[in-house]
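A.B. asks: Below is a structure I'd like to ask you about.
In my numbering, the protein residues as written are 1 to 190.
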């Protein structure tokens with residue numbers, strides 16, 4: 001009899017946990033896959049490779065992919081061509097990729113890699129790790145954030161991002177007239 005009561009209690013706990021998780025998922029996603037719980041992008045200012053301060057707030061009004069990366073991270077380096085392709089694909093739209101080099105990366109290493117891989121998007125340095133901390137303790141690279149034009153983080157991806165999926169998500173966040181300005185699909189067929 002004691003065993004049956006324990007099984008009932010465990011089953012009730014499992015149902016309660018499933019209900020809580022299901023409710024959280026429902027709150028997190030609205031129909032169409034857009035996130036309901038949007039977090040404001042942190043207001044940080046970081047030095048560019050040229051040493052000029054750049055505020056992320058200056059990009060308000062643009063859809064962003066904010067990519068935390070490191071020159072010593074093979075996964076980061078492997079996804080750079082996809083980031084370059086996204087930047088070029090959405091060149092006529094209010095969209096920008098922003099690369100943030102993690103603390104420990106030297107400007108000379110970042111600049112050399114940027115030149116070698118044709119990184120034609122803004123590259124910022126995070127020498128004290130303040131931006132990584134402000135974005136929720138970014139410790140693993142690559143970590144990318146999709147930010148809507150209102151400055152809300154709508155997605156976080158730890159590890160390489162799935163190019164075709166992110167291309168679709170970016171497209172949905174852009175104003176309709178801007179979607180026509182796209183240049184070929186970086187992820188293959190449109």
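Glycine included, C-beta positions come from ideal geometry on N, C-alpha and C.
Along the chain, which unbroken stretches of the beta strand (DSSP E) at least 3 residues long are found entirely within the region 115-170?
C.D. replies: Runs found: 123-125, 143-147 and 152-158.
A.B. asks: Compute the beta-carbon to beta-carbon distance between residue 67 and residue 137, rounded to the nearest angstrom, for a pair I have assumed lies under 8 Å.
C.D. replies: For the purposes of this step, residue 67 is taken as residue 67 along the chain shown, with counting starting at 1. For the purposes of this step, residue 137 is taken as residue 137 along the chain shown, with counting starting at 1. Not a contact, Cβ separation roughly 16 Å.
A.B. asks: Given a cut-off of 9 Å, decide if residue 170 and residue 39 are closer than it, judged by their beta-carbon atoms.
C.D. replies: If you number the chain shown from 1, residue 39 lands on position 39. If you number the chain shown from 1, residue 170 lands on position 170. Going by C-beta atoms, residue 39 is not nearer than 9 Å to residue 170.
A.B. asks: Would you check if there are 3 or more beta carbon pairs closer than 8 Å linking the region 79-89 to the region 45-56?
C.D. replies: Touching, no, given that fewer than three Cβ pairs across the two stretches are closer than 8 Å.
A.B. asks: Straight-line CA distance for residue 11 to residue 76?
C.D. replies: Taking the first residue of the chain shown as 1, we reach residue 11 at position 11. Taking the first residue of the chain shown as 1, we reach residue 76 at position 76. Roughly 43 Å separates the two Cα atoms.
A.B. asks: Just confirm the distance between the C-beta atoms of residue 42 and residue 161, as a whole number of angstroms; I'd bet it's less than 8 Å.
C.D. replies: Here residue 42 is taken as the residue at index 42 of the chain shown, counted from 1. Here residue 161 is taken as the residue at index 161 of the chain shown, counted from 1. Going by Cβ atoms, the distance from residue 42 to residue 161 rounds to 20 Å, so no, they are not a contact pair.
A.B. asks: Please give the ranges of any alpha helix (DSSP H) in the region 31-111, keeping only runs that are unbroken, at least 4 residues long and fully inside the region.
C.D. replies: The qualifying runs are 74-89.
A.B. asks: Please name the residue, chosen from 105, 125, 149 and 113, that lies closest to residue 53 on a Cα-to-Cα basis.
C.D. replies: Locating residue 53 in the chain shown gives position 53, counting from the first residue. Looking at the Cα atoms, 125 is the closest of the given residues.
A.B. asks: Evaluate residue 141 with the Cβ neighbour count: other Cβ atoms within 10 Å of its Cβ, from every protein chain shown; 16 or more gives buried, anything less gives exposed.
C.D. replies: Looking up residue 141 in the chain shown gives position 141. Buried: at least 16 other Cβ atoms inside 10 Å.
A.B. asks: Closest to residue 149 by CA distance: which of 87, 44 and 173 is it?
C.D. replies: Reading the chain shown from its first residue, position 149 is the one you call residue 149. Looking at the Cα atoms, 173 is the closest of the given residues.
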